[in-house]
Amino acid sequence: MEDGTPRAGRARLAEIFRFGLVGGVNTGTFFGCYLLLHPWMPYFAAYSLAFVLSMIGSFFLNTYFTYRTRPTWKKFALFPLTNVTNYLVQSVGLYALVTWAGMDDRIAPLVAAVVAIPFTYVISQRILVPRNTGQAQETAGPGTETDERQHSKLA
4 MEDGTPRAGR ARLAEIFRFG LVGGVNTGTF FGCYLLLHPW MPYFAAYSLA FVLSMIGSFF
64 LNTYFTYRTR PTWKKFALFP LTNVTNYLVQ SVGLYALVTW AGMDDRIAPL VAAVVAIPFT
124 YVISQRILVP RNTGQAQETA GPGTETDERQ HSKLA
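Residue 94 in the working numbering is what sits at position 91 of the sequence shown, and the numbering runs on without skipping anything.
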């Protein structure tokens, strides 16, 4: 619940920090998979497969750690939509960096990934964080949208 208080601001900063940590882990997972797959297939196929594998890990890390919400099949089904923009930005960037700028195809995915970070945060938050349904918190029971966000002592 964002209410404009200093506490809400700290909570948002903690969430952004957690998102950054997850992004770092996800980028490392992606890049490791990419480097393992790259010798066995063309760079773009290795990139795409590594992207899908790291996206699955990213879903669980973001639901549990970043946004402290429960994963659901609906969110899992929608989560790839958060990565469509990311994928498009990274794909265009990868192609441009390798083809037009002559960048090494082992490094270009990292550069393209950095550009996509802000887009990914905004879109993933919209899908993974429950919206206020207008119900009072007291009337909402376990498992409802208003009860879904989990509070943690980590932030």
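For glycine and all other residues, C-beta sits at the position ideal for the given N, C-alpha and C.
Report yes if the CB atom of ALA49 is closer than 8 Å to the CB atom of TYR67, and no otherwise. Position 46 of the sequence shown, counted from the first residue, corresponds to residue 49. Position 64 of the sequence shown, counted from the first residue, corresponds to residue 67. No, these two residues do not count as a Cβ contact at 8 Å.
Sequence-distant residues of the same chain with beta carbon closer than 6 Å to ARG15, five excluded per side: The sequence position of residue 15 within the sequence shown is 12, counting from 1. Here the set comprises nothing.
Measure the beta-carbon distance from THR88 to PHE33 and round it to whole angstroms, keeping in mind my assumption that it falls under 8 Å. Locating residue 88 in the sequence shown gives position 85, counting from the first residue. Locating residue 33 in the sequence shown gives position 30, counting from the first residue. Taking a contact as a CB-CB distance under 8 Å, the pair THR88 and PHE33 does not count as one, their CB atoms being some 16 Å apart.
From TYR124 to LEU24, what does the alpha carbon distance come to, in whole angstroms? Taking the first residue of the sequence shown as 1, we reach residue 124 at position 121. Taking the first residue of the sequence shown as 1, we reach residue 24 at position 21. CA-CA distance, TYR124 to LEU24, rounds to 12 Å.
Using three-state DSSP, classify ALA139 as helix, strand or coil. In the sequence shown, residue 139 corresponds to position 136, counting from 1. Legend: pLDDT at ALA139 = 37, less than 50; position of this residue unreliable, no value from coordinates given.
Count the other CB atoms, across all protein chains shown, that sit within 10 Å of the CB of ARG21; report buried if there are 16 or more and exposed otherwise. In the sequence shown, residue 21 corresponds to position 18, counting from 1. Classification of ARG21: buried, given that the 10 Å Cβ count is 16 or more.
Roughly how many angstroms separate the alpha carbons of PHE86 and MET58, rounded to a whole number? Translated into the one-based positions of the sequence shown, residue 86 becomes position 83. Translated into the one-based positions of the sequence shown, residue 58 becomes position 55. The sequence shown places Asn at residue 86, rather than the Phe named in the question. Looking at the backbone, the Cα of ASN86 and that of MET58 are separated by about 8 Å.
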